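Each residue of the sequence shown is one higher than the last, beginning at 75 in my numbering. Notes to accompany the following structure.
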Amino acid sequence: MTTLTYKDLHRQFKLNGRSYSKVELKEVAYSLVKEGEEYEKSIGDFLIDWLNDKSTIIVHTSGSTGEPKPITLQKQQMVNSAAATGSFFALQPSNRALLCLSADFIAGKMMLVRAMILGLSIDCVSPSSNPLTETTGDYDFVAMVPLQFRNSLNELDGVKKLIVGGAPVSYTLKKEFLNASQRTNVYETYGMTETITHIAVKPLLGELIVSDIDLDVFSILADVEITMDERGCLVINAPLVSDEIIYTNDIVELISDKQFKWLGRFDNIINSGGVKLFTEQIEAKISPILETRFFVTGLPDEKLGQKLVLIVEGIQEVPVLQEKIEKLTFLNKYEIPKQIFLVDSFIETASGKIQRKATLDKIAF
Numbered sequence: 075m076t077t078l079t080y081k082d083l084h085r086q087f088k089l090n091g092r093s094y095s096k097v098e099l100k101e102v103a104y105s106l107v108k109e110g111e112e113y114e115k116s117i118g119d120f121l122i123d124w125l126n127d128k129s130t131i132i133v134h135t136s137g138s139t140g141e142p143k144p145i146t147l148q149k150q151q152m153v154n155s156a157a158a159t160g161s162f163f164a165l166q167p168s169n170r171a172l173l174c175l176s177a178d179f180i181a182g183k184m185m186l187v188r189a190m191i192l193g194l195s196i197d198c199v200s201p202s203s204n205p206l207t208e209t210t211g212d213y214d215f216v217a218m219v220p221l222q223f224r225n226s227l228n229e230l231d232g233v234k235k236l237i238v239g240g241a242p243v244s245y246t247l248k249k250e251f252l253n254a255s256q257r258t259n260v261y262e263t264y265g266m267t268e269t270i271t272h273i274a275v276k277p278l279l280g281e282l283i284v285s286d287i288d289l290d291v292f293s294i295l296a297d298v299e300i301t302m303d304e305r306g307c308l309v310i311n312a313p314l315v316s317d318e319i320i321y322t323n324d325i326v327e328l329i330s331d332k333q334f335k336w337l338g339r340f341d342n343i344i345n346s347g348g349v350k351l352f353t354e355q356i357e358a359k360i361s362p363i364l365e366t367r368f369f370v371t372g373l374p375d376e377k378l379g380q381k382l383v384l385i386v387e388g389i390q391e392v393p394v395l396q397e398k399i400e401k402l403t404f405l406n407k408y409e410i411p412k413q414i415f416l417v418d419s420f421i422e423t424a425s426g427k428i429q430r431k432a433t434l435d436k437i438a439f
């Protein structure tokens, strides 16, 4: 078996329908930086960094759980990640791919790496909220964030395989997709910058009902080992993409040595009167009755230590919403928010993730 390296450029690789040698691709990259639109400049910057003689590249985290920080990645490990994705999804040379994510972040960068290493023909469009409206023809492989996925539900017929990452896919969005009767194979992914995008995937298949939320499990890719630490958080050993064992803040339930269920973030746990509440699980249960964006969090409380509150984006009739929540039979009494707060718009990271703390700072409690 031939070993792929970061110095390779697959002869069947195409960028926006054209083939290039490495020298020609460098020239295209410089042209994008000098004359391209903002999203094209990001693509050009990454290609220039990728095609230089260095074995490493600097990327930045998304900043969803803190300030964005630079991370140095081995190019060969990025190649290994691309090869694992290609194997899992059976991607073949000349398959058509679409880059509709920002190349400023790892997910967008890796779409380009997969194309260069696996020989994909990749088209690049602006990372808008509804990117498929800018494209023509069919695609074998596309990556999106949940917002793009939601806005593209009526245009998915031309996409064979779609991965969705960057944030959990909500219950409501899963239900909308299943009701749309699309033929697209959609997979929710789990990963982070440190693991060079996803190390586990979960297909959005089958009839989804609320009681099945607990049955949603991620399956890990090849050459990945998972365990839990004393906090119940996921520990990842993926030597092909990381030199170090990665200790996450994601609380999980291990189904087997190959599968896990994601419960939520350790730093988002609310301790209310001695009861541990998982915010992401509560959000999944509330999502069927809310079409707008929202999140739950804990605020200081003299009696409980922390009280559960609901933060909703946009205009809502608070008494009506509170009544609907109290009628949800699958919420236990501890999971019913004590208060509801409205905010005009959530504060987001550059990659579109909600910044919970910054959003809370906008509210006068």
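In this text, a Cβ means the ideal position worked out from N, Cα and C, and glycines have one as well. In this text the structure is predicted, and so the values were computed from the model without any measurement.
- May I ask you to list the residues that DSSP assigns as paired with Met266? Thr271
- Query: Smallest Cα separation from Ser244: which of Ala296, Lys235, Leu328 and Trp336?
  - Reply: Trp336
- Determine which residues share a DSSP beta bridge with Gln148 and list them. Thr130
- Task: Measure from the alpha carbon of Ile298 to the alpha carbon of each residue in Tyr264, Gly306 and Leu278, then state which is nearest.
- Result: Just to set this straight, residue 298 is Val in the shown sequence, not Ile. Looking at the Cα atoms, Tyr264 is the closest of the given residues.
- Query: Does the distance from the CB of Val216 to the CB of Leu172 come in under 8 Å?
  - Reply: yes
- Task: Alpha carbon to alpha carbon, how far is Thr353 from Val199? Give it in angstroms, no decimals.
- Result: 35 Å
- Task: Can you say whether Pro393 is buried or exposed, counting buried as having 16 or more other CB atoms within 10 angstroms of its CB?
- Result: exposed
- In whole angstroms, what separates the C-alpha of Ser226 from that of Lys234? 13 Å
- Item | Assigned exposure category for Ser95 - 16 Cβ within 10 Å defines buried | exposed
- Message: As a quick exercise: from Phe368, Asp435, Leu221 and Asp231, pick the residue whose alpha carbon is nearest that of Ser202.
- Response: Leu221
- Item | Segment contact flag, the region 159 to 167 with the region 91 to 110, C-beta cutoff 8 Å, min 3 pairs | no
- Could you tell me which of Ile310, Ser168 and Arg305 sits nearest to Leu89, measuring between CA atoms? Ser168
- Message: On the criterion of 16 or more Cβ atoms from any shown chain inside 10 Å, does Gln413 qualify as buried, or is it exposed?
- Response: exposed
- Item | Nearest-angstrom Cβ-Cβ length linking Ile344 and Gln396, presumed shorter than 8 Å | Actually they are not in contact, since the Cβ atoms of Ile344 and Gln396 sit about 18 Å apart, beyond 8 Å.
- Message: Could you tell me the alpha carbon to alpha carbon distance between Tyr321 and Phe415, rounded to whole angstroms?
- Response: 34 Å
- Message: I'd like the list of long-range same chain contacts for Leu378, defined as Cβ closer than 6 Å, with 5 residues on each side in sequence excluded.
- Response: Ser346 and Gly347
- Message: If distances are taken between C-alpha atoms only, which option among Phe404, Ile319 and Gln86 comes closest to Gly193?
- Response: Gln86
- Any idea if Ser330 is buried or exposed, counting beta-carbon neighbours within 10 angstroms, 16 or more meaning buried? exposed
- Can you tell which of Asp197, Arg170 and Val260 has the C-alpha that lies nearest to the C-alpha of Glu114? Asp197
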